[in-house]
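Protein chains in written order, with our numbering: chain S, 196 to 355; chain D, 243 to 448.
Just so you know, even glycine gets a beta-carbon here, dropped at the ideal spot from N, CA and C.
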Amino acid sequence: MSKFAKKKDGEVPAVSTASLPDIVFMLLFFFMTVTVMKDSSLKVENVLPNANEVKKLEKKDRVIYIYVGKPTREYEKVYGTEPQIQLNDKFAKPSEVGDYILMERAKKPQELQNVLTTALKVDKNANMGLISDIKQELRKVNALKVNYTTYEGDAFRNLQ
Amino acid sequence: MARRAGAPEVNAGSMADIAFLLLIFFLVTTTIETDAGLDRMLPPIEPPDQDVVIKQKNIFQVNINKNGQLLADDELIEISDLREKAMAFLDNGGAPQGSPDYCSYCKGSRDASSSDSPAKAIISLKNDRETKYSTYITVQNELVGAYNDLRDREAQRLYGKNFVEMEAEYLNPETSDEAKEELKEKVQRIQELFPQKLSEAETTTN
């Protein structure tokens, strides 16, 4: 008879899992907001110089990146220790920069093609000669808007 | 006799609230990292149709050699003095009162042998192929800083706000359209007062 059916002692009631989805979603959203998609792995050293009169590069879809720096240790044997240009995932010669810009530009939607910025991420130990060659190439393909990407900080720290 | 009915069930109804609270906290506090840097325009490659004659006194020549030494208007100076020098040059306003170039807002020394007005003043930056990039950026930073300081001064005088802040707000995608429209006019006005004329010559090899 139910009246005498004893409840078993010591049985822990099940923990409600109704909020589990919330927690999972919370984590999901958190990671969604903080992750930055990395589209190419760096093959060059890239310690940027400091500057304090900087402007933020909003709208990532309007930016084309060019990396310059000394090849990292694993590529040193093949590419030497002089600063090199990295476009997407491979090393390139200054003469290839123009084609790369045109190719990247063609990939962007029509309405953005005229407002693209080229972000130069250059290692602070690079020489201006290479940068000048890049600048010359950029002028040839009419990509005149450049951004020398830097860290925010005191510019005079560069000189030490 | 009171029966012991196991452990009482924990009320989990508020769990969702806590979860959302945390979610909102992280949403607000995390900033997605954006790149920042010095914006520059390169000169177009085709030469201008007609030769523009620029008076020597309206050009401020800055040379960086391969050792990172700085030559400004034929004078060897420290990079830390560059900003002041550039500002003195830009703000000079040497044109006499009554001439079309007269600069009413300039606070410089009005030296006739220096620049006529901010609109005419050009800073020319030259560097060696072996100049270090970090030195170049420091010099660029100081020159942009000179312009920004002067623009700040005028923005403070006209609108009681800093130019750099106004521009940052204008470029911020979160600013509403009406506010942007209003800022655009102000930002452009200040930019016209001190137009950024920074020419970069091609590098030399010696």
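Proximity to Ser256 of chain D across S:Pro208, S:Ala209, S:Val207, S:Ala213 peaks at S:Ala213, based on C-alpha coordinates. Counting of Cβ neighbours within 10 angstroms places Ile261 of chain S among the buried residues, the total reaching 16 or more. Neighbours of Pro208 of chain S in chain D, taken as residues at a C-beta separation under 7 Å, are given in chain order as Gly248, Ala249, Glu251. Apart from the 5 residues on each side of it in sequence, Cys345 of chain D sits with its Cβ closer than 7 Å to the Cβ of Gly335, Ala337, Ser359, Pro360 in its chain, given in chain order.
Per DSSP, the beta-bridge partners of Thr345 of chain S are D:Ala278. Contact check for Ile326 of chain S against Tyr375 of chain D passes: the beta carbons are separated by less than 9 Å.
Residue burial is scored here from C-beta neighbours: Leu263 of chain D has fewer than 16 other C-beta atoms within 10 angstroms and is therefore classed as exposed. When Cβ-Cβ separations below 9 Å define contact, Ser290 of chain S makes no contact with chain D.
In this chain, Ala397 of chain D is not harboured by any beta strand (DSSP E); it is covered by the alpha helix (DSSP H) spanning 375 to 401.
The C-alpha of Leu367 of chain D lies about 59 Å from the C-alpha of Asp259 of chain D. For Lys265 of chain S, the nearest beta carbon of chain D is not closer than 9 Å to its own beta carbon. The alpha helix (DSSP H) runs lying completely inside the segment 286 to 335 of chain S and spanning 4 residues or more are 292 to 302, 323 to 335, given in chain order. Residues of the same chain with a CB within less than 7 Å of the CB of Val406 of chain D, apart from the 5 flanking positions on each side, are Asn390, Asp394 in chain order. The C-alpha of Leu265 of chain D lies about 50 Å from the C-alpha of Leu332 of chain D. In this structure Pro244 of chain S is buried. Its beta-carbon is surrounded by 16 or more other beta-carbon atoms within 10 angstroms.
Non-local C-beta neighbours of Arg352 of chain D in its own chain, meaning closer than 8 Å and more than five positions away in sequence, comprise Asn334, Gly335, Gly336, ordered along the chain. Against chain S, the CB of Thr380 of chain D has a partner CB under 9 Å away; the residue lies at that interface. Only buried fits Gly324 of chain S, as 16 or more other CB atoms lie within 10 angstroms of its CB. Secondary structure of Gln298 of chain D (DSSP, three-state): helix. With respect to the 9 Å criterion, Val310 of chain S and Thr344 of chain S are not classified as neighbours on the basis of their beta carbons. Short of 8 Å from the beta carbon of Val258 of chain S, and not among the five residues preceding or following it, lie these beta carbons of its own chain, in chain order: Leu252, Leu311, Thr312, Thr313, Ala314, Asn342. The residues Lys265, Pro266, in chain order, have a CB closer than 8 Å to that of Thr276 of chain S in the same chain once the five nearest residues on each side in sequence are set aside. In the DSSP annotation of this structure, the continuous segment of the alpha helix (DSSP H) that includes Gln433 of chain D starts and ends at 419 to 435. Chain S places no beta carbon closer than 9 Å to that of Asn309 of chain D, leaving this residue out of the contacts. The alpha-carbon of Ala287 of chain S is positioned some 23 Å away from that of Asp277 of chain D. For the set S:Leu333, S:Lys302, S:Phe351, S:Tyr270, the Cα lying nearest the Cα of Asn383 of chain D is the one of S:Phe351. Against chain D, a Cβ distance below 7 Å from Glu299 of chain S picks out nothing, because the smallest value is about 16 Å.
In the displayed model, Tyr347 of chain D falls within coil according to three-state DSSP, outside both helix and strand.
In this structure, the CA atom of Gln308 of chain S is about 34 Å from the CA atom of Asn353 of chain S. Residues of chain S whose Cβ lies closer than 7 Å to the Cβ of Arg282 of chain D are, in chain order, Val341, Tyr343. When the Cα atoms are used, Gly293 of chain S and Glu332 of chain S turn out to be separated by approximately 5 Å. Residue environment: Pro278 of chain S is assigned as buried (16 or more neighbouring CB atoms within 10 Å of its CB, all protein chains considered).
Residue burial is scored here from C-beta neighbours: Gly248 of chain D has fewer than 16 other C-beta atoms within 10 angstroms and is therefore classed as exposed.
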